[in-house]
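Engineer:
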Amino acid sequence: MEPSGRPSFRDLEESECFEILSRNHVGRVAYARKSAIDVEPVHYVYSDGWIYGRTSEGKKIEMTGYSWWPVAFEVDEVEDLFRWRSVVVHGGFYTMPSKGVEWEIEEWKKGVELLRTLIPETFKKDDPVPSRTIVFRIAVQEIRGKEAHSGE
4 MEPSGRPSFR
14 DLEESECFEI
24 LSRNHVGRVA
34 YARKSAIDVE
44 PVHYVYSDGW
54 IYGRTSEGKK
64 IEMTGYSWWP
74 VAFEVDEVED
84 LFRWRSVVVH
94 GGFYTMPSKG
104 VEWEIEEWKK
114 GVELLRTLIP
124 ETFKKDDPVP
134 SRTIVFRIAV
144 QEIRGKEAHS
154 GE
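Position one of the sequence shown corresponds to residue 4 (the numbering used here), numbered consecutively onward.
Right, dumping it as structure tokens:
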């Protein structure tokens, strides 16, 4: 579809940002790596102020470690060049151990349960991505969004 007229842009309300975060399941994690910024796509589930996902050992874990690390997370909905919505979250990246103290194990189980709403085979025999052995969550500490409309 060809846009006509000038596009308009607006900031999204916080509630709209959370709606977009809730209804999507693929986003991008951005994190600092030495003198560069890396961005990696991940599948995720949003619940109660947290973004839950899985990953495997690699650069992301090497740079963020196994405890808190500041990251940005972005998700968008694109219809065409001037019809889109984008949400950016800033917060801490935490890995979730499957062993440890009771509350950590319970949080890991909650994360796995949420991820199974996307991929029921998560951490089961028929898991389509068995190399993704690390469950993580990102605290939504700041959220903002933008929307573009075509000038129709």
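Glycine is no exception: its CB is placed at the ideal position from the N, C-alpha and C atoms.
Predicted, not measured: the structure shown is a model, and the values here were computed from it.
Run through DSSP, which three-state label would residue 74 get?
Structural biologist: Of the three classes helix, strand and coil, the one that applies to residue 74 here is strand, per DSSP.
Engineer: Which residue from 152, 141, 81, 153 puts its Cα closest to that of residue 51?
Structural biologist: That would be 141, whose Cα lies nearest to the Cα of residue 51.
Engineer: Is the beta carbon of residue 104 sitting closer than 8 Å to the one on residue 30?
Structural biologist: Not in contact: residue 104 and residue 30 (Cβ atoms no closer than 8 Å).
Engineer: Could you name the residues of the same chain whose beta carbon sits closer than 6 Å to that of residue 4, not counting the 5 residues immediately before and after it, in chain order?
Structural biologist: Any reading at residue 4 must be qualified, since the residue scores a pLDDT of 48, below 50, and its modelled position is unreliable; no value is offered.
Engineer: Starting from residue 108, follow the alpha helix (DSSP H) in both directions and report where the run begins and ends.
Structural biologist: Residues 105 to 118.
Engineer: Taking residue 120 as the reference, give the member of 18, 46, 73, 97 with the closest Cα.
Structural biologist: Here the closest residue by C-alpha is 46.
Engineer: Can you find the residues in the same chain that come closer than 7 Å, C-beta to C-beta, to residue 81, ignoring five residues on each side of it along the sequence?
Structural biologist: For residue 81, where only same-chain residues beyond five positions count, the Cβ hits under 7 Å are 87.
Engineer: Between which two residues does the alpha helix (DSSP H) holding residue 23 run?
Structural biologist: Per DSSP, residue 23 belongs to the alpha helix (DSSP H) from 17 to 26.
Engineer: By how many angstroms is the C-alpha of residue 148 removed from the C-alpha of residue 11?
Structural biologist: Their backbone Cα atoms lie some 14 Å apart in a straight line.
Engineer: Considering only C-alpha positions, which residue in the set 54, 44, 28 is nearest to residue 114?
Structural biologist: The option with the nearest alpha carbon to residue 114 is 54.
Engineer: If you run the structure through DSSP and keep just helix, strand and coil, what is residue 141?
Structural biologist: Here residue 141 sits in strand by DSSP.
Engineer: Can you tell which of 151, 138, 9, 145 has the C-alpha that lies nearest to the C-alpha of residue 118?
Structural biologist: Answer by Cα proximity: 138.
Engineer: What are the start and end residues of the beta strand (DSSP E) that includes residue 58?
Structural biologist: Taken as a continuous stretch (DSSP letters only), the beta strand (DSSP E) holding residue 58 covers 53 to 58.
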